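**Student:**
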Amino acid sequence: MLLFDTHADTLYSLALHPRRPCDVTKDRAERGGVSAQTLALYVGASPDLRRIRRAFEKMFAQAEKLERWGWKRIGDYRDAREDECAFILSVEGCDLLAGDLSLLADWRRRGVRMAALCWNYENALGAPAVTDQHAPLSPFGRAAAKEMARLGIAPDVSHLNRRGFYDLLEMGLMPLASHSCCDALRPHPRNLTDAQLRALFEAQGYVGVNFYPGFLDESGSADVETVCRHVLHMLDLGGEEHVGFGSDFDGIEAKPRGLSGPQDFPVLLEALRRHGVTEAMLTDLAGNNLLRYYDRFDPRT
Numbered sequence: 013m014l015l016f017d018t019h020a021d022t023l024y025s026l027a028l029h030p031r032r033p034c035d036v037t038k039d040r041a042e043r044g045g046v047s048a049q050t051l052a053l054y055v056g057a058s059p060d061l062r063r064i065r066r067a068f069e070k071m072f073a074q075a076e077k078l079e080r081w082g083w084k085r086i087g088d089y090r091d092a093r094e095d096e097c098a099f100i101l102s103v104e105g106c107d108l109l110a111g112d113l114s115l116l117a118d119w120r121r122r123g124v125r126m127a128a129l130c131w132n133y134e135n136a137l138g139a140p141a142v143t144d145q146h147a148p149l150s151p152f153g154r155a156a157a158k159e160m161a162r163l164g165i166a167p168d169v170s171h172l173n174r175r176g177f178y179d180l181l182e183m184g185l186m187p188l189a190s191h192s193c194c195d196a197l198r199p200h201p202r203n204l205t206d207a208q209l210r211a212l213f214e215a216q217g218y219v220g221v222n223f224y225p226g227f228l229d230e231s232g233s234a235d236v237e238t239v240c241r242h243v244l245h246m247l248d249l250g251g252e253e254h255v256g257f258g259s260d261f262d263g264i265e266a267k268p269r270g271l272s273g274p275q276d277f278p279v280l281l282e283a284l285r286r287h288g289v290t291e292a293m294l295t296d297l298a299g300n301n302l303l304r305y306y307d308r309f310d311p312r313t
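13 is the number of the first residue of the sequence shown in the numbering used here; add one for each residue after it.
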């Protein structure tokens, strides 16, 4: 079984907080059966472009170190293998584009396969869900999303506001949400409404379910069963071919009970089995759905 996790902030932790123990390590990912761990280049809490640029280069350097230490880097999820754990890159916040789309081609050359248009503050592309749900994508944001799609970098809507989300769909694009949960189960600006989820599935997009307790349960307390409820709710909305996992490990200060790191993915899979999820559906949730998404989004010729 191929197993993918579409979001972790491990590179930021390694680059900016080197003394902080990481949730994600190659050993833990291997023990959990992870075939490809997505590692995000995260803009950080400051919109200062010089600071972001320095942080990105530090994170790219950390990715190169991981390779030297024996962790295989891939540039396409379709190159993942069941018997090994690789990593692949994403971007969380496109602030660095700053009017210059040519940087996207460099990111693609360096292995980036998805990019969130913004993080939790507004930038030149658009506005985040946590500050303004109604602001449209800027003309530059629209141009950036089109260029991403042309290059095979999936536009990531996990932090984008609702208006920007629908702008992408109206443009005929096929976005994904790398680490998001259900607003119907836990009302939160960062979570996707049922209408958004149905629209995303209809557009042939993809959602990786986030493990952050604050997005899973209003009390901020969650366990493996809470994660299952969000997965099952998405399946009920038509997400059988469009849902997977996006843990947010190393970017969250708390984890669900029973899911402290990638080594615990088998616990989640077993819990889903207890809820009646078939082996065929588990295989889809774990990895095949993401592979199919990229086959649609960026078909190989």
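A virtual CB, placed ideally from N, CA and C, is assigned to each residue, including glycine.
Since we're looking at a predicted model, the values are computed, not measured.
Opposite Gly123 in the DSSP bridges: which residues?
**Tutor:** Note: Gly123 is not bridge-paired with any residue in the DSSP secondary-structure output.
**Student:** By alpha-carbon positions, which one of Trp119, Leu280 and Ser272 ends up nearest to His242?
**Tutor:** Comparing Cα-Cα distances from His242 to each of Trp119, Leu280 and Ser272, the minimum goes to Leu280.
**Student:** Should the stretch 139–148 be called in touch with the stretch 182–191, which here means at least 3 C-beta pairs below 8 Å?
**Tutor:** Contact between the stretch 139–148 and the stretch 182–191 is absent, because fewer than three Cβ pairs lie under 8 Å.
**Student:** May I have the straight-line CA-CA distance separating Leu145 from Asp168, to the nearest angstrom?
**Tutor:** Going by the sequence as given, residue 145 is Gln instead of Leu. Cα to Cα, Gln145 sits roughly 16 Å from Asp168.
**Student:** Could you compute how far the alpha carbon of Gly256 sits from the alpha carbon of Tyr305?
**Tutor:** 11 Å
**Student:** Between the C-alpha atoms of Pro225 and Leu204, what's the straight-line distance to the nearest angstrom?
**Tutor:** Distance between the alpha carbons of Pro225 and Leu204: 15 Å.
**Student:** Confirm, please, whether the CB-CB distance from Tyr24 to Trp131 is below 9 Å.
**Tutor:** no
**Student:** Ordered along the chain, which non-local residues of its own chain (more than five positions away) have a Cβ less than 7 Å from that of Leu244?
**Tutor:** His287
**Student:** With a cut-off of 8 Å, do at least 3 Cβ pairs link the stretch 55–70 to the stretch 106–115?
**Tutor:** Under the three-pair Cβ rule at 8 Å, the stretch 55–70 counts as touching the stretch 106–115.
**Student:** I'd like to confirm the pairing. Which residues does DSSP put opposite Ala48 in its beta bridges?
**Tutor:** Phe16 and Ala98
**Student:** In chain order, what residues of the same chain have a beta carbon less than 8 Å from the beta carbon of Leu149, not counting five sequence neighbours either side?
**Tutor:** Leu129, Leu137, Gly138, Ala157, Arg175, Gly176, Asp179 and Leu180
**Student:** Going by CA-CA distance only, name the one from Val103, Asp296 and Gln275 that's closest to Ile64.
**Tutor:** Closest by alpha carbon: Val103.
**Student:** Could you tell me the distance, in whole angstroms, from the CA atom of Pro274 to the CA atom of Asp35?
**Tutor:** 7 Å
**Student:** In this structure, does DSSP put Lys158 in helix, strand or coil?
**Tutor:** helix
**Student:** If you drop the 5 nearest sequence neighbours on each side, which residues of the same chain put their C-beta closer than 8 Å to that of Pro59?
**Tutor:** Asp107, Tyr133 and Asn135
**Student:** Which ranges would you report for the alpha helix (DSSP H) in the stretch 49–77 if only whole runs of at least 4 residues count?
**Tutor:** none
**Student:** Might you give, ordered along the chain, the residues of its own chain that have their beta carbon closer than 7 Å to the beta carbon of Asp17, omitting 5 neighbours on each side?
**Tutor:** Cβ neighbours of Asp17 beyond the five flanking positions: Val46, Gln49, Thr50, Phe257, Gly258, Ser259 and Pro274.
**Student:** Between the Cα of Gly87 and those of Leu271, Arg210 and Ala98, spot the shortest distance and give me the residue it belongs to.
**Tutor:** Checking every option, the nearest Cα to that of Gly87 belongs to Ala98.
**Student:** Going along the chain, which unbroken runs of the beta strand (DSSP E) with 3 or more residues stay wholly within the stretch 256–307?
**Tutor:** none
**Student:** From Phe213, Ala215, Ala147 and Glu159, pick the residue whose C-alpha is nearest to that of Ala127; which is it?
**Tutor:** The candidate whose alpha carbon is nearest that of Ala127 is Glu159.
**Student:** What residues in its chain sit with their C-beta under 7 Å from that of Leu61, if we drop five residues either side in the sequence?
**Tutor:** Asp107, Leu108 and Ala110
**Student:** Would DSSP call Leu204 helix, strand or coil?
**Tutor:** strand
**Student:** Tell me whether Val219 sits in a helix, a strand or coil according to DSSP, three-state version.
**Tutor:** Strand at Val219.
**Student:** Hey, could you find the ends of the beta strand (DSSP E) His245 is sitting in?
**Tutor:** That residue, His245, is in no beta strand (DSSP E); its alpha helix (DSSP H) goes Val236 to Asp248.
**Student:** Suppose you measure from the CA of Thr295 to the CA of Met13; what does that come to, to the nearest Å?
**Tutor:** 6 Å
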